[in-house]
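>
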Amino acid sequence: MEEPLDLIKLSIDERVYVKCRNNRELRGKLHAYDQHLNMVLGDVEETVTTHEVDEETDEEIVKKATRTVGMLFVRGDIVVLVSPPLRTT
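Under the working numbering, the residue at position 86 of the sequence shown is numbered 91, and the numbers go up by one with no gaps.
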């Protein structure tokens, strides 16, 4: 590997984890990407985490909403982290 995107290149047709801005996480099969980290993911599981404060008890309430999407285009400017699949050697 010579460049950071080489790691992404090795993950084509593999399931990857993508952490995005606004507490959004994606897990899906990487079909394509470009130099801006725009990506096309298939069989995607999207999880959105929200934090609220109960006004009566001042307790933090964490809610997670999950949905499944068949094909998803991810714009590169929202991507925080891409984790390739675990490889054993």
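Just so it is clear, CB atoms sit at the ideal spot from N, CA and C, and this is done for glycine as well.
1. In its own chain, which residues sit with a C-beta less than 6 Å from the C-beta of Met44, not counting the 5 before and 5 after it?
2. Under a Cβ-count criterion, where at least 16 other Cβ atoms within 10 Å of its own Cβ denotes burial, should Gly81 be classed as buried or exposed?
3. Tell whether a beta-carbon distance below 8 Å holds between Arg26 and Glu51.
4. Look at the alpha carbon of Pro9 and the alpha carbon of Leu15, and state the distance between them as a whole number of angstroms.
5. As a quick exercise: from Glu7, Glu64, Glu19, pick the residue whose alpha carbon is nearest that of Pro89.
Reading from the atomic positions:
1. Excluding residues up to 5 positions away in sequence, Tyr38, Val79 lie with their Cβ nearer than 6 Å to the Cβ of Met44 in the same chain.
2. The residue in question, Gly81, is exposed, as its Cβ has fewer than 16 Cβ neighbours within 10 Å.
3. Cβ atoms of Arg26 and Glu51: not closer than 8 Å.
4. The straight-line gap separating the alpha-carbon atoms of Pro9 and Leu15 is approximately 11 Å.
5. Minimum Cα distance to Pro89 is reached at Glu19.
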